[in-house]
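Just below is one structure, and these are the notes that go with it.
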Amino acid sequence: MTGATRLAHRARDRVLTPLAAALALYGGGVLLVITALTVVNVAGFALDALVRPWGGAVPGLAGYEEVVALLIGGAALAFLPWCQLRYGHVAVDLFTQRAPAAFNAAVDRLALALTAALALFLARGMLDGLVQARADGVVTGVRDWPEWPFWIPGLIALGLWAACAGVMALAPAGPGAAGSHYPHAANGPGPGSGTARDG
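In the working numbering, the protein residues as written are 18 to 216.
Right under this line is the structure:
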C-alpha cells in the first residue's frame with residue numbers, strides 16, 4: 018500500500034464518512050421540516066374550506082412554496098456524499114460481469130474520477146450563481162428573504178461529493194474500494210453490492 022492510498026483510506030474513514038453522515042442527517046432533518054410545513058399548510062386549507070361557509074377563514078402559510086423551494090435544493094444534494102461512499106448509485110454491470118476484477122476496478126476508478134469532476138463542475142456553477150445572487154440582492158417574493166444563503170448547503174454537499182468520489186478513486190484495494198462492490202470481485206461484495214442499485 019503506497020502512502021497516497023493509505024492517506025486516501027484514512028481520509029475516507031476518519032473524515033469523509035463522518036462528514037457525509039452528518040450531512041445526510043441534515044438533509045433528513047430539512048425534509049422533516051418541509052413535511053411539517055406541508056402538513057400545517059394542507060391542514061390550514063382544509064380548515065379554511067370547513068369554516069368558510071360560516072364566514073370564517075384560516076390562512077395558509079405565507080410564502081410556503083418559496084420556503085420549500087429554498088430548502089429542498091440543499092436537502093436533496095445533502096444525500097449524495099453518503100450515497101457515493103456506500104455505492105448507493107445505480108450501476109449496470111451487464112458488460113462487465115465476466116470481466117477480470119482488475120478491469121472492473123479500472124472502470125470503477127475512471128467512473129469515480131469522472132463523478133468527482135462532474136461534482137466540481139456543478140459546484141463551480143453553483144458558486145457562480147451564489148455570488149451573482151448575492152451581488153444582485155436577489156430576495157424571495159413573499160418573505161423578502163435573501164436567496165444566496167440557502168445555496169450554501171448545496172455547495173458544501175457538492176464539494177463533499179467530489180471529495181468522496183476522488184478519494185474513493187485513490188483508495189487501496191479492499192472492501193469498499195474501487196471495483197470491490199461488484200458481486201464477482203476478488204475481494205467479495207462491498208457496501209451496496211448488486212448488479213443494479215439505486216439510492
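Every residue gets a Cβ at the ideal spot worked out from N, C-alpha and C, and that includes glycine.
On the CB-based measure, 16 or more other CB atoms within 10 Å of its CB, does residue i come out buried or exposed?
{"i": "residue 184", "result": "buried"}
{"i": "residue 71", "result": "exposed"}
{"i": "residue 216", "result": "Reliability of the predicted coordinates at residue 216 is poor, the pLDDT of 37 falling under 50, and the value obtained from them is presented with this limitation in mind. By the neighbour-count rule (16 or more Cβ atoms within 10 Å), residue 216 is not buried but exposed."}
{"i": "residue 53", "result": "exposed"}
{"i": "residue 60", "result": "exposed"}
{"i": "residue 84", "result": "buried"}
So, residue i versus residue j, is the Cβ gap smaller than 7 Å?
{"i": "residue 180", "j": "residue 137", "result": "no"}
{"i": "residue 58", "j": "residue 46", "result": "no"}
{"i": "residue 165", "j": "residue 188", "result": "no"}
{"i": "residue 108", "j": "residue 182", "result": "no"}
{"i": "residue 175", "j": "residue 135", "result": "no"}
{"i": "residue 42", "j": "residue 177", "result": "no"}
{"i": "residue 143", "j": "residue 102", "result": "no"}
{"i": "residue 129", "j": "residue 186", "result": "yes"}
{"i": "residue 91", "j": "residue 170", "result": "yes"}
For residue i, list the residues DSSP reports as bridge partners.
{"i": "residue 156", "result": "163"}
At least one CB of chain B closer than 7 Å to the CB of residue i: is that the case?
{"i": "residue 72", "result": "Although the question refers to chain B, the structure presented lacks it and comprises just one protein chain."}
Taking the alpha-carbon positions, what's the residue i to residue j distance?
{"i": "residue 212", "j": "residue 110", "result": "Legend: pLDDT at residue 212 = 39, less than 50; position of this residue unreliable, value from coordinates given subsequently. Rounded to whole angstroms, residue 212 to residue 110 spans 6 Å at the Cα level."}
{"i": "residue 24", "j": "residue 38", "result": "20 Å"}
{"i": "residue 51", "j": "residue 79", "result": "14 Å"}
{"i": "residue 154", "j": "residue 167", "result": "13 Å"}
{"i": "residue 163", "j": "residue 152", "result": "11 Å"}
{"i": "residue 131", "j": "residue 124", "result": "11 Å"}
{"i": "residue 4", "j": "residue 49", "result": "Outside the shown range of the chain (18 to 216) lies residue 4, about which nothing can therefore be said."}
{"i": "residue 210", "j": "residue 104", "result": "Because residue 210 sits at a pLDDT of 41, beneath the cut-off of 50, its placement in the model cannot be relied upon, and the following sentence gives the value as read from the coordinates. Approximately 8 Å, taken between the alpha carbons."}
{"i": "residue 81", "j": "residue 145", "result": "27 Å"}
{"i": "residue 32", "j": "residue 40", "result": "12 Å"}
{"i": "residue 122", "j": "residue 93", "result": "29 Å"}
Given 8 Å as the limit, is there contact between the segment 153 to 167 and the segment 95 to 106, that is, 3 or more CB pairs closer than that? no
Can we say the segment 111 to 120 touches the segment 59 to 66, given the rule of at least three CB pairs closer than 8 Å? no
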